[in-house]
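See below for the structure under consideration.
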């Protein structure tokens, strides 16, 4: 394979050790993505023997020279900043470093979210014009999906950071989700311009001045599921709490259904009759197909998946990385931020 | 009626003009409360003719001298601070002023929430030791109810304010909900003590030092419904957004069910079979029985109800005011805050 050919392809590294079901789901998902788009140049980081075992078990063929052996593993419970310092030969550190060094375009992991964010931010560095990278989350809404930025890349944001989230989020949602001129809302405690906290009152003024985004003003908590905006920007503290709160809703619904069923035999029958329908109704809330969320604003494509990522989720994360690369999102972020004056 | 007798009773004023279904629901709910506890001395504020019409229509007897006639009405869309200045002869301003002047112990309204908060805070004043009053919301959880303080009385709190919410919230939940030594959590982005924003990191240290509350440390967004704490304290900006987000869940569930039903005749039948069961399962999420939430920290009992309050909700709000009075919550707040050093 000539050097020329390598660089013309989109080079994606997948963290084979990342996620609760690693290496199996990570390896299988990565290979599935490769099979559905052979123009990807795929690399796997992790313990070579473990990776090879999965490949053999599932009868998958994969070049040995595209497996980057790393001995250490950053666990879900490792402290992110500590892990970066002490586990230099881990799949996450090595993956992010290779992107930084220009040896790959994208890094995909369902491993320790904090470590993945720290590695991407600290090792890849930030795009010119970005004060803080942001991680978004797609939340199913009444009309489609609402993308919430930021859901925890950082806290105590400055107004300027919310502006960056709005600019990068708009480009991402337009290019990847295909929504023309996506509506951007600012999360606040009331629709009126006078409502908000110190951060949002200042951010509101700045967001109103930006020409290239479709800013619709303040939105409230009820507007997230209400589908009023395609993108909602907020500080990572509130975004993170909202996301975890939203994710817990289906869990409590299940508990309530169980509690109801336990009350009587009649209830048990009622629940049996309802279960299938309820599952179908709630199928939109299934996070799997969304396939991880990118950390926007770093100099490289970094896609972070849920620890429980399935094979399909990993596959979709890799394909999303490919799409972000092909559509030159990083270059578009930098241009838009420079046009804005950052 | 002698003066002596008046002051020994709990004197509660109900805003007859407050709520989307006023004066009917307010008047009927207030009379229902009076019937279930005749030891209450009830007053109604609002347009006397309108109140009298409801009383006549539903054949309810009520002393004319306990109707406090006010000509102006603060609408749901009125700006709170403006309304206080320009509508001095409104049911909300007159009701709060009478509590301030010692002519009543409690004021109950399902009217304009902002105006009710502003009137209670500015007219009644704050209890000694309270920097900021707080409004809580009971959110149904896996194990019972989680009381979230603050859900919008103020934003940009200082750590000290979260401490006050924790102290008053603990007393309220122990006395009114009957939960012995209720667990208090601090809303943050991770369980670890190192996780949080500037506000929560400082508040955490202060909360750990308080002897008379059962502080369990940081809790996350998923722990609200998860039932990890009986009380969760947070800044009013995030609390308000969370509350409105939570309230919108059932709405989107209904929309999703409808969308599913519209897809085919079979789906329509499935939904018909499921509807009743789902309603029963979700009955805990019915806000009506909670009967409004008090604004804690003001010098007087102030209970604020949802605009859509039913007759039962208003009844429960009045009975809650009575209970807060009988259990001397205001005195207990002041003592606890003074013991803490405020």
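Residue numbers (this note's numbering), protein chains in the order written: chain X, 228 to 569; chain Y, 228 to 569.
The C-beta atom is built at its ideal place from N, Cα and C for all residues, glycine as well.
Exercise. Residue 366 of chain X by DSSP, collapsed to three states: which one?
Worked result: By one-based count along the first chain, residue 366 of chain X stands at place 139. Strand.
Problem set entry | Beta-ladder partner(s) of residue 412 of chain X, from DSSP | Reading the first chain from its first residue, position 185 is the one you call residue 412 of chain X. BP columns for residue 412 of chain X point to X/444, X/459.
Problem set entry | Per-residue contacts from residue 394 of chain Y into chain X (C-beta, under 9 Å) | Residue mapping note: residue 394 of chain Y aligns to position 167 of the second chain, counting from 1. The premise fails here: residue 394 of chain Y is roughly 22 Å from chain X at the closest Cβ pair, so nothing lies under 9 Å.
Problem set entry | Cutoff 8 Å; reference residue 547 of chain Y; Cβ partners in own chain excluding five residues on either side | As a position in the second chain, residue 547 of chain Y is number 320, starting the count at 1. Contacts found: 403, 518, 519, 521, 530.
For this session: Assuming residue 278 of chain X and residue 373 of chain X form a contact by the criterion Cβ under 8 Å, report the distance between their Cβ atoms to the nearest whole angstrom.
Result: Numbered from its first residue, the first chain carries residue 278 of chain X at position 51. Numbered from its first residue, the first chain carries residue 373 of chain X at position 146. Residue 278 of chain X to residue 373 of chain X, Cβ: 37 Å. No contact.
Exercise. Where DSSP assigns a beta bridge to residue 242 of chain Y, which residues make up the other side?
Worked result: Numbered from its first residue, the second chain carries residue 242 of chain Y at position 15. BP columns for residue 242 of chain Y point to Y/272.
Exercise. From the DSSP output, which residues share a beta bridge with residue 336 of chain X?
Worked result: Residue mapping note: residue 336 of chain X aligns to position 109 of the first chain, counting from 1. DSSP, once it has assigned bridges, lists X/531 as partnering residue 336 of chain X.
Exercise. Closest Cβ-Cβ distance between residue 399 of chain Y and chain X: below 7 Å?
Worked result: Mapped onto the second chain, residue 399 of chain Y falls at position 172. Not an interface residue.
Problem set entry | Residues near residue 495 of chain X in its chain [Cβ-Cβ closer than 6 Å; skip 5 each side] | Here residue 495 of chain X refers to the residue found at position 268 when the first chain is read from its first residue. Excluding residues within five positions, the ones whose Cβ falls inside 6 Å are 488.
Exercise. If residue 527 of chain Y sits next to residue 334 of chain Y, beta carbons under 8 Å apart, how far is it from one beta carbon to the other, in whole angstroms?
Worked result: To locate residue 527 of chain Y, count along the second chain from 1; it is residue 300. To locate residue 334 of chain Y, count along the second chain from 1; it is residue 107. Residue 527 of chain Y to residue 334 of chain Y, Cβ: 7 Å. Contact.
Exercise. Who are the near neighbours of residue 341 of chain X in its chain, counting only those whose CB is closer than 6 Å to its CB and skipping five residues on each side?
Worked result: Along the first chain, read from residue 1 onward, the residue named residue 341 of chain X stands at position 114. Around residue 341 of chain X: 307.
For this session: Kindly list, in the order they appear in chain X, the residues whose Cβ is closer than 8 Å to that of residue 534 of chain Y.
Result: Along the second chain, read from residue 1 onward, the residue named residue 534 of chain Y stands at position 307. Chain X residues near residue 534 of chain Y: none, gap ~14 Å exceeds 8 Å.
For this session: Would you mind reading off the limits of the beta strand (DSSP E) that contains residue 296 of chain Y?
Result: What you label residue 296 of chain Y is simply residue 69 of the second chain in a count that begins at 1. Element bounds for residue 296 of chain Y: 294-296.
Exercise. Touching or not, the stretch 343-352 of chain Y and the stretch 323-331 of chain Y, by the rule of three or more beta carbon pairs under 8 Å?
Worked result: yes
Exercise. Do residue 354 of chain Y and residue 561 of chain Y have their C-beta atoms within less than 7 Å of each other?
Worked result: Residue numbering aside, residue 354 of chain Y sits at position 127 when the second chain is read from its first letter. Residue numbering aside, residue 561 of chain Y sits at position 334 when the second chain is read from its first letter. Closer than 7 Å, so yes.
Exercise. Within 7 Å (strictly less), CB to CB, does residue 484 of chain Y reach chain X?
Worked result: Stepping through the second chain from its first residue, residue 484 of chain Y is reached at position 257. Answer yes: the Cβ-Cβ gap between residue 484 of chain Y and chain X drops below 7 Å somewhere.
Exercise. Does the beta carbon of residue 387 of chain Y fall short of 6 Å from some heavy atom of the ligand NAD?
Worked result: Looking for the ligand NAD in the displayed structure turns up nothing, as the structure carries no ligands at all.
Exercise. DSSP state of residue 487 of chain Y, grouped into three classes?
Worked result: If you number the second chain from 1, residue 487 of chain Y lands on position 260. The answer is helix: DSSP assigns residue 487 of chain Y an H, G or I state.
Exercise. For the stretch 437-456 of chain X against the stretch 473-484 of chain Y, are there 3 or more C-beta pairs whose distance is under 8 Å?
Worked result: yes
Exercise. Ends of the beta strand (DSSP E) at residue 376 of chain Y?
Worked result: Within the second chain, residue 376 of chain Y is the residue found at index 149, counting from 1. From DSSP, the beta strand (DSSP E) with residue 376 of chain Y extends over 372-376.
Exercise. Counting contacts by CB-CB distance shorter than 7 Å, is residue 539 of chain X in contact with chain Y?
Worked result: The residue you call residue 539 of chain X lines up with position 312 of the first chain. Chain Y, which has no Cβ nearer than 7 Å to the Cβ of residue 539 of chain X, makes this no.
For this session: Check whether the stretch 238-250 of chain X touches the stretch 266-273 of chain X, taking contact to mean three or more Cβ pairs, one atom from each stretch, closer than 8 Å.
Result: yes
Exercise. Given 8 Å as the limit, is there contact between the stretch 435-446 of chain Y and the stretch 363-371 of chain Y, that is, 3 or more CB pairs closer than that?
Worked result: no
Exercise. Taking only beta-carbon atoms, is residue 434 of chain Y less than 7 Å away from chain X?
Worked result: If you number the second chain from 1, residue 434 of chain Y lands on position 207. Output row for residue 434 of chain Y: interface = no.
Exercise. Mind pulling the chain Y residues with CB within less than 8 Å of residue 379 of chain X?
Worked result: By 1-based counting over the first chain, the position of residue 379 of chain X is 152. Within chain Y, the residues near residue 379 of chain X are 416.
For this session: Use the C-beta contact count for residue 304 of chain X: other C-beta atoms within 10 angstroms, 16 or more gives buried, fewer gives exposed.
Result: Taking the first chain and counting its residues from 1, one reaches residue 304 of chain X at position 77. Label assigned to residue 304 of chain X: exposed.
For this session: Please check if any C-beta of chain X sits within less than 7 Å of the C-beta of residue 382 of chain Y.
Result: Within the second chain, residue 382 of chain Y is the residue found at index 155, counting from 1. So, interface residue.
For this session: Would you decide whether residue 285 of chain Y is buried or exposed? Buried here means 16 or more other CB atoms lie within 10 Å of its CB.
Result: Working through the second chain from its first residue, we reach residue 285 of chain Y at position 58. Under this definition residue 285 of chain Y is an exposed residue.
Exercise. At a Cβ threshold of 7 Å, is residue 358 of chain X touching chain Y?
Worked result: Residue 358 of chain X sits at position 131 when you count from the first residue of the first chain. False, the Cβ-Cβ gap to chain Y never drops below 7 Å.
For this session: Give a yes or no on whether the minimum CB-CB distance between residue 448 of chain Y and chain X is below 7 Å.
Result: On the second chain, position 221 is the one that residue 448 of chain Y refers to. For residue 448 of chain Y, the answer is yes, since a Cβ of chain X falls inside 7 Å of its Cβ.
Exercise. Between the stretch 400-414 of chain X and chain Y, which residues of the former have CB atoms less than 8 Å from a CB of the latter, in chain order?
Worked result: 414
Exercise. For residue 532 of chain X, which of X/253, X/557, X/238, X/298 has the nearest alpha-carbon?
Worked result: In the first chain, the residue the question calls residue 532 of chain X occupies position 305. Closest by alpha carbon: X/253.
Exercise. Can you tell me where the beta strand (DSSP E) with residue 520 of chain X in it begins and where it stops?
Worked result: Here residue 520 of chain X refers to the residue found at position 293 when the first chain is read from its first residue. Looking at the DSSP string, the run of the beta strand (DSSP E) that includes residue 520 of chain X is 520-523.
Exercise. In the DSSP assignment, what residue or residues form a beta bridge with residue 384 of chain X?
Worked result: Taking the first residue of the first chain as 1, we reach residue 384 of chain X at position 157. According to DSSP, residue 384 of chain X bridges with nothing at all.
Exercise. Alpha carbon to alpha carbon, what distance is there between residue 268 of chain X and residue 233 of chain X?
Worked result: To locate residue 233 of chain X, count along the first chain from 1; it is residue 6. To locate residue 268 of chain X, count along the first chain from 1; it is residue 41. Its pLDDT being 42, under 50, residue 233 of chain X is placed unreliably by the model, and the measurement read from it follows with that caveat. If I take the Cα positions, the gap works out to 7 Å.
Problem set entry | Against chain Y: residues of the stretch 342-375 of chain X by CB proximity under 7 Å | 369
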